[in-house]
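Student: This note's numbering puts the first residue of the sequence shown at 210, with every later residue one more than the last. Cβ coordinates follow ideal geometry from the N, Cα and C atoms, glycine included. Small disclaimer: the values here were computed from a predicted structure and weren't measured. Take this structure first; my questions come after.
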Amino acid sequence: MDKREAISMSVIRRLPRYYRFLCDLLDSGIIRISSKELANRMGLTASQIRQDLNCFGGFGQQGYGYSVKNLKEQISSILGLDSKYKAILIGAGNLGKAVASHMCFNDRGFELIGIFDNNPSLIGTNINNLPVIDIKKLATFCSKYKPVMSILCVPKHVVDKLSGELYSLGIKNYWNFSHYDLSMKYDDVIVENVHLSDSLMTLCYRIKENS
Ligand code: NAI
Numbered sequence: 210m211d212k213r214e215a216i217s218m219s220v221i222r223r224l225p226r227y228y229r230f231l232c233d234l235l236d237s238g239i240i241r242i243s244s245k246e247l248a249n250r251m252g253l254t255a256s257q258i259r260q261d262l263n264c265f266g267g268f269g270q271q272g273y274g275y276s277v278k279n280l281k282e283q284i285s286s287i288l289g290l291d292s293k294y295k296a297i298l299i300g301a302g303n304l305g306k307a308v309a310s311h312m313c314f315n316d317r318g319f320e321l322i323g324i325f326d327n328n329p330s331l332i333g334t335n336i337n338n339l340p341v342i343d344i345k346k347l348a349t350f351c352s353k354y355k356p357v358m359s360i361l362c363v364p365k366h367v368v369d370k371l372s373g374e375l376y377s378l379g380i381k382n383y384w385n386f387s388h389y390d391l392s393m394k395y396d397d398v399i400v401e402n403v404h405l406s407d408s409l410m411t412l413c414y415r416i417k418e419n420s
């Protein structure tokens, strides 16, 4: 079995956070850091950090700690952030506009190549230098440009039908903001669900417990 296959998703899910902290450290001119100091900054334990990074080969040196630049590059490479996976976004409403405008796709392994909506008043408008395209042109666009990932910023009730179309066009990877459970319908899709409200409800619980 490939060593990477055995790495748990909980370790993988911590990597973007390591990456973010390492970018901040580099920006503030810090070139090396011990696992203890990194742990303090991140609210983890040094042993957790060593365990996580050892899954990929370590990267630290006894008595030196980690080179911030090297560790950032290694994590970037593990995550595949220099990939240019072609992505499209469906639903150019409030959320879709915000995601398309503020997310640095290029630094996160993706290239946003198309934005789609079915609202005539949005079609043809520009978001972040991309025109909003009529959803009716989705099939033609996909056969020409072959996107591999779709961001879903549409209401839940349209996703059942829409995802069928996207799936038949070969798109099997989703960044899903709709509250529709895609993995229940397809067993060979990769889905990252984002629910801001889950985070808000967790915050509510923590405030309640602290009151
Ligand atoms: P919105 O109404 O501003 O935008 C939805 C857009 O989808 C509209 O422009 C609409 O024309 C378009 N649309 C609807 N059906 C379509 C179709 N079949 N094909 C193409 N485009 C279509 O709504 P908003 O605020 O942007 O929210 C979008 C969805 O995201 C909502 O369902 C909401 O529940 C969800 N949401 C999820 C969050 C999360 O954390 N996961 C946070 C906020 C909203």
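What would DSSP say about G252, mapped onto helix, strand or coil?
Tutor: Here residue 252 is taken as the residue at index 43 of the sequence shown, counted from 1. Three-state DSSP puts G252 in coil, outside helix and strand.
Student: So what's Q270 in DSSP terms, helix, strand or just coil?
Tutor: Residue 270 sits at position 61 when you count from the first residue of the sequence shown. Reduced to three states, the DSSP call for Q270 is strand.
Student: When you measure from the CB of S387 to every non-hydrogen atom of ligand 1, does any distance come out below 8 Å?
Tutor: In the sequence shown, residue 387 corresponds to position 178, counting from 1. Correct: S387 has its Cβ closer than 8 Å to ligand 1.
Student: Is there at least one non-hydrogen atom of ligand 1 closer than 8 Å to the beta-carbon of D390?
Tutor: Residue 390 sits at position 181 when you count from the first residue of the sequence shown. Not so, every heavy atom of ligand 1 lies at least 8 Å from the Cβ.
Student: Classify P225 as buried or exposed, calling it buried when 16 or more other Cβ atoms lie within 10 Å of its own Cβ.
Tutor: Counting from 1 along the sequence shown, the entry for residue 225 is found at position 16. Flag for P225 reads exposed.
Student: Specify the secondary structure class of D369 as computed by DSSP and reduced to three states.
Tutor: Working through the sequence shown from its first residue, we reach residue 369 at position 160. Helix.
Student: In this structure, does DSSP put K212 in helix, strand or coil?
Tutor: Counting from 1 along the sequence shown, the entry for residue 212 is found at position 3. Unreliable positioning characterises K212 in this predicted model, as indicated by a pLDDT of 49, which lies under 50. A coordinate reading is not provided.
Student: If you follow the alpha helix (DSSP H) that F350 is part of, which residue opens it and which one closes it?
Tutor: Working through the sequence shown from its first residue, we reach residue 350 at position 141. Segment L347 to Y354, the alpha helix (DSSP H) holding F350.
Student: Quick check: the region 219 to 238 against the region 291 to 301, are at least 3 beta-carbon pairs closer than 8 Å?
Tutor: Result no; under three Cβ-Cβ pairs closer than 8 Å.
Student: Check P329 in the structure and name its three-state DSSP category.
Tutor: To locate residue 329, count along the sequence shown from 1; it is residue 120. In this structure, P329 counts as coil in the three-state DSSP scheme.
Student: With burial defined as no fewer than 16 other Cβ atoms inside 10 Å of the residue's Cβ, what is the status of N419: buried or exposed?
Tutor: The residue you call residue 419 lines up with position 210 of the sequence shown. Label assigned to N419: exposed.
Student: Assuming C264 contacts V220 under a Cβ cut-off of 8 Å, what Cβ separation, rounded to an integer in Å, is found between them?
Tutor: Locating residue 264 in the sequence shown gives position 55, counting from the first residue. Locating residue 220 in the sequence shown gives position 11, counting from the first residue. Right, the Cβ-Cβ distance comes to about 6 Å (below 8 Å), so this counts as a contact.
Student: Mind checking which residues open and close the alpha helix (DSSP H) that includes M218?
Tutor: Against the sequence shown, residue 218 aligns to sequence position 9. M218 to D236 is the extent of the alpha helix (DSSP H) around M218.
Student: Mapping the DSSP letters down to three states, classify M393 as helix, strand or coil.
Tutor: Taking the sequence shown and counting its residues from 1, one reaches residue 393 at position 184. Residue state, collapsed to three classes: helix.
Student: With burial defined as no fewer than 16 other Cβ atoms inside 10 Å of the residue's Cβ, what is the status of A296: buried or exposed?
Tutor: By 1-based counting over the sequence shown, the position of residue 296 is 87. With 16 or more other Cβ atoms within 10 Å, it is buried.
Student: Among all the DSSP beta bridges, which residues are the ones paired with F386?
Tutor: Taking the first residue of the sequence shown as position 1, residue 386 is located at position 177. DSSP lists no partner for F386.
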